[in-house]
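For reference, the structure is listed below as structure tokens.
In our numbering, the protein residues as written are 207 to 357.
Shown next as structure tokens:
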């Protein structure tokens with residue numbers, strides 16, 4: 207999922223986004239991108255930089271740890287978290303925009319919502335090529351997370 211701190215979108219997407227106030231949201235920029243994809247909108251990635259981005263050790267997001275420290279942090283978050291972030295996001299998308307969702311988005315959202323309770327949905331996520339990246343390590347982490355109901 208690509209997102210960023212600078213986004214440009216048209217009035218139609220703005221009106222759709224403003225038509226529903228989600229109870230659960232992590233980052234506003236990723237929410238806007240998810241809504242756009244889910245309703246069949248076009249996302250254009252501009253490779254140009256328009257602002258300077260700075261990071262420091264106290265950033266809430268964005269700060270990158272390396273090696274063992276990063277891995278320990280990821281496992282701590284994964285196993286401490288009692289609620290599933292992706293299920294909550296999928297539920298919010300369905301609740302707020304169900305009539306506008308594409309057929310593909312509806313299928314994806316329904317499988318995300320049910321995957322912890324449905325073997326069929328879990329298998330759908332495990333074998334769906336849309337949930338793969340070009341990064342082997344990320345794919346392995348994702349598969350493990352799905353199997354352990356932590357995706």
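We treat Cβ as the ideally placed atom computed from N, Cα and C, and that holds for glycine. Keep in mind it's a predicted model, so treat the numbers as computed, not measured.
Under the three-state DSSP convention, the category residue i falls into
i, result
"residue 350", "helix"
"residue 208", "With a pLDDT of 48 at residue 208, under the threshold of 50, the modelled position of this residue cannot be trusted; read the value that follows with caution. Coil."
"residue 215", "coil"
"residue 243", "helix"
"residue 355", "coil"
"residue 235", "helix"
"residue 306", "helix"
"residue 324", "coil"
"residue 252", "coil"
"residue 313", "helix"
Residue i - containing alpha helix (DSSP H), residue span
i, result
"residue 257", "Where residue 257 is concerned, there is no enclosing alpha helix (DSSP H), given that its DSSP letter is neither H nor E."
"residue 291", "291-303"
"residue 337", "Segment: none, residue 337 is in no alpha helix (DSSP H) and carries neither H nor E."
Whole-number beta carbon distance between residue j and residue i, since they are thought to touch under 8 Å
i, j, result
"residue 226", "residue 303", "6 Å"
"residue 352", "residue 328", "6 Å"
"residue 249", "residue 243", "6 Å"
"residue 246", "residue 219", "No, residue 246 and residue 219 are not in contact; Cβ-Cβ is about 11 Å, not under 8 Å."
Whether residue i touches residue j by CB criterion (9 Å)
i, j, result
"residue 290", "residue 239", "no"
"residue 413", "residue 241", "No statement about residue 413 is possible, as the shown extent of the chain runs from 207 to 357 and does not include it."
"residue 307", "residue 295", "no"
"residue 338", "residue 318", "no"
"residue 332", "residue 349", "yes"
"residue 228", "residue 305", "no"
"residue 213", "residue 235", "yes"
"residue 237", "residue 223", "yes"
"residue 230", "residue 297", "yes"
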